[in-house]
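Remarks on the structure that follows.
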Amino acid sequence: MEFSKRISSLPPYLFAEIDKKIEEKKAQGCDVISLGIGDPVEPTPKHIIEKLAEEAQNTENHRYPSYYGMPQLRKSIADFYKRRFSVDLDPDKEVLPLIGSKEGLAHIYLALCDEGDTALIPDPGYPVYQTGAIIAGVKRELMPLLDENKFNPDFSTIDENIARQAKLMWLCYPNNPTGAIAKDNLFEEAIRFAKKNDIAICHDNPYSEITFDGYIAPSFLQYEGAKDMGIEFNSLSKSYNMTGWRIWYVVGNARIIEALGRVKTNVDSGIFNAVQLAGIEALNGSQESVEEMRKIYKKRRDMVVSTLKDIGLAVEEPKATIYVWVPVPEGYTSESFATHILEKASVVVPPGNAYGPSGEGFIRISLTTKDDRLEEALKRIKECL
Ligand SMILES: Cc1ncc(COP(=O)(O)O)c(C=O)c1O
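When the letters of the sequence shown are read in order and numbered with our numbering, they come out as residues 109 to 493.
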């Protein structure tokens with residue numbers, strides 16, 4: 109049987125591959141510690157679980173959900189944007205719930221691009237920006253995020269012809285995988301560049317609530333002209349320890365939201381109503397757990413940064429996200445360092461180049477491991493160097 113060309117050019121998903129390595133090591137009897145995927149170990153707050161349990165009992169919620177999400181959920185999202193970012197959103201036209209933002213990141217290509225169109229993709233970046241393009245037959249032009257630019261893109265280096273051809277540009281701040289934050293004028297520059305070249309901006313903002321040291325992350329939609337040019341994916345999977353629940357949303361330009369909604373109504377049937385009602389509880393209920401998680405991640409960030417500095421690695425303290433982007437020691441590549449740690453310390457970390465060629469020379473450490481296991485992992489890394 110012949111499969112599509114698209115499937116043969118689609119790499120296996122990074123963390124599916126990492127899971128395989130973990131299983132192999134475990135089969136050898138090793139006590140493996142994964143600092144790989146950003147998936148909180150702490151549970152979803154109790155009041156959200158209780159709401160799900162209650163709503164799951166209501167048989168009305170067992171039927172197909174509304175395609176565009178419950179109106180109450182869209183309103184709660186718009187209220188959150190007003191409260192948190194002072195951004196006004198029309199809940200009927202500018203808000204679209206998603207089955208986790210990952211599906212939206214991949215489906216947006218089907219709404220905005222034809223086969224052969226071009227997308228500008230940060231390098232390194234969250235893998236779905238690239239794999240979504242591959243699935244949709246879209247050409248990928250990488251925007252290097254370099255240490256010397258504090259891992260922000262430099263629009264002046266983008267070839268004019270490529271800029272004119274581009275249909276879509278990704279941004280992600282606070283950034284996965286580098287932990288960088290947006291420089292002061294990034295979004296203004298991006299909007300000017302996108303207007304000049306008629307490019308839709310897709311800003312991916314899942315770490316807006318996980319910030320430290322007094323830093324408050326903005327929404328792209330706070331900036332003048334943003335809604336004319338783009339949308340913002342804002343997943344709260346990490347903020348509320350709800351990665352498994354598969355909910356959250358995209359907001360912004362009404363025409364783009366309508367187009368993505370049209371793709372989705374033909375592909376999926378929305379989010380289980382009980383999960384949507386629990387999502388409303390997350391947004392409108394107590395936010396104490398979010399503050400608690402910030403404290404936990406800050407403590408772990410400090411532990412990682414100080415240990416790695418002791419070893420002599422020039423690590424920057426991230427002001428946001430659940431990741432530390434670590435330059436590898438001299439004499440190693442991203443791959444050889446990740447392999448060394450796996451072989452000698454049974455600690456799993458993704459090599460930086462798995463997020464794009466400009467990630468070469470780095471590994472990413474995720475802070476979503478319990479303190480004692482993280483401490484043990486750091487001790488083992490120190491010993492094997
Ligand atoms: C940058 C980025 N975007 C999107 C996602 C996906 O989040 P969700 O759980 O909403 O699908 C992640 C998850 O790790 C992420 O790091």
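Virtual Cβ for every residue (Gly too), placed ideally from N, Cα, C. Note that this is a predicted model, so its numbers are computed, not measured.
From the options, residue whose alpha carbon lies closest to that of residue i
| i | options | result |
| --- | --- | --- |
| Ile364 | Lys346, Ala308, Ile185, Arg409 | Ala308 |
| Met277 | Lys128, Asp376, Ile266 | Ile266 |
| Glu484 | Glu296, Leu279, Val412, Pro205 | Val412 |
| Lys136 | Leu493, Leu450, Phe470, Ser474 | With the sequence shown as reference, residue 136 is identified as Gln, and Lys is not the correct amino acid for it. Comparing Cα-Cα distances from Gln136 to each of Leu493, Leu450, Phe470, Ser474, the minimum goes to Leu450. |
| Cys310 | Gly378, Asn361, Pro120 | Asn361 |
| Gly460 | Glu150, Val398, Asn284, Leu279 | Asn284 |
| Ile339 | Leu368, Ile355, Gly469, Lys159 | Leu368 |
| Glu438 | Ile419, Lys452, Glu425, Ile430 | Ile419 |
| Ser184 | Ile388, Glu268, Ser264, Tyr315 | Ile388 |
| Ala428 | Met350, Ala302, Arg409 | Arg409 |
| Val359 | Glu491, Leu279, Leu204 | Leu204 |
| Ile270 | Asp139, Lys372, Glu202, Ile229 | Ile229 |
| Ile473 | Lys452, Glu491, Thr415 | Thr415 |
| Val371 | Asp312, Leu218, Met109, Thr286 | Leu218 |
| Ile126 | Thr477, Ile489, Ala446, Arg488 | Ala446 |
| Asp336 | Asp187, Ala298, Met350 | Ala298 |
| Val500 | Glu268, Ser194, Glu158, Ala288 | Residue numbering for the chain in the displayed model covers 109 to 493; residue 500 lies beyond these limits and cannot be assessed. |
| Pro120 | Asp376, Pro235, Glu223 | Pro235 |
| Gln395 | Arg354, Tyr237, Ile355, Arg191 | Arg191 |
| Asp479 | Tyr315, Gly233, Lys407, Glu425 | Lys407 |
Residues near residue i in its chain [Cβ-Cβ closer than 6 Å; skip 5 each side]
| i | result |
| --- | --- |
| Val294 | The question names Val, but residue 294 is Leu in the sequence shown. Closer than 6 Å at the Cβ level, and outside the excluded window around Leu294, lie Asn260. |
| Ala390 | Ile156, Tyr348 |
| Lys247 | Thr226 |
| Gln384 | Met178, Leu181 |
| Gly71 | No answer is possible for residue 71: it lies beyond the span of the chain, which begins at 109 and ends at 493. |
| Phe301 | Phe263 |
| Asp255 | none |
| Cys280 | Asp312 |
| Cys492 | Lys452, Ala453 |
| Leu486 | Thr415 |
Nonlocal neighbours in the same chain, by C-beta distance under 7 Å from residue i, ignoring five residues either side
| i | result |
| --- | --- |
| Asp231 | Leu250, Met251, Pro252, Leu253, Gly464, Pro465, Ser466 |
| Glu496 | Outside the displayed span of the chain (109 to 493) sits residue 496, for which this structure offers no information. |
| Ala382 | Leu160, Glu163, Ala164, Asn169 |
| Asp321 | Lys427 |
| Tyr405 | Ile318, Ile430, Leu475 |
| Cys221 | Ala227, Ala244, Val246, Lys275, Leu276 |
| Asp139 | Ser454 |
Cβ neighbours of residue i in the same chain (closer than 8 Å, five flanking residues each side left out)
| i | result |
| --- | --- |
| Tyr440 | His448 |
| Ser442 | Val436, Pro459, Gly460, Asn461, Ala462, Gly467, Glu468, Gly469, Phe470, Ile471 |
| Lys417 | Val423 |
| Val398 | Glu317, Ser347, Tyr348 |
Beta carbon proximity, residue i to chain C, threshold 8 Å
| i | result |
| --- | --- |
| Met337 | Protein chain content of the structure displayed is limited to a single chain, and chain C is not contained in it. |
| request: Count the CB pairs spanning the segment 324-331 and the segment 178-188 that are closer than 8 Å, and state whether there are at least three. | output: Fewer than three Cβ pairs drawn from the segment 324-331 and the segment 178-188 lie within less than 8 Å of each other, which leaves the two stretches out of contact.
| task | Mind the definition here: the segment 189-208 touches the segment 229-247 only if three or more C-beta pairs lie below 8 Å; say whether that holds. | result | no
| Ordered list of alpha helix (DSSP H) runs contained in the segment 140-196, each at least 4 residues | Within the segment 140-196, the complete alpha helix (DSSP H) runs of at least 4 residues are 154-164, 179-193.
| Contained alpha helix (DSSP H) runs [length at least 4] in the segment 378-422, N- to C-terminal order | Segments of the alpha helix (DSSP H) lying fully in the segment 378-422: 381-392, 396-419.
| So, do the segment 130-145 and the segment 445-462 have three or more beta carbon pairs nearer to each other than 8 Å? | Flag = yes, the segment 130-145 and the segment 445-462 touch.
| query | Would you call the segment 209-222 and the segment 333-352 touching, i.e. three or more CB-CB distances under 8 Å? | reply | Yes: the two stretches touch, three or more of their Cβ pairs being nearer than 8 Å.
| query | For the segment 429-459, which segments carrying the beta strand (DSSP E) assignment without a break, of at least 3 residues, lie completely within its bounds, in sequence order? | reply | 431-435
| query | Considering only residues of the segment 257-336, which uninterrupted beta strand (DSSP E) runs meet the minimum length of 3 residues and lie entirely inside it, listed in chain order? | reply | As far as the segment 257-336 is concerned, its whole beta strand (DSSP E) runs of at least 3 residues are 274-279, 308-312.
| message | Runs of 3 residues minimum, wholly inside the segment 334-380: which ones carry the beta strand (DSSP E) assignment? | response | Counting whole runs of 3 or more residues, the segment 334-380 contains the beta strand (DSSP E) stretches 338-342, 356-360.
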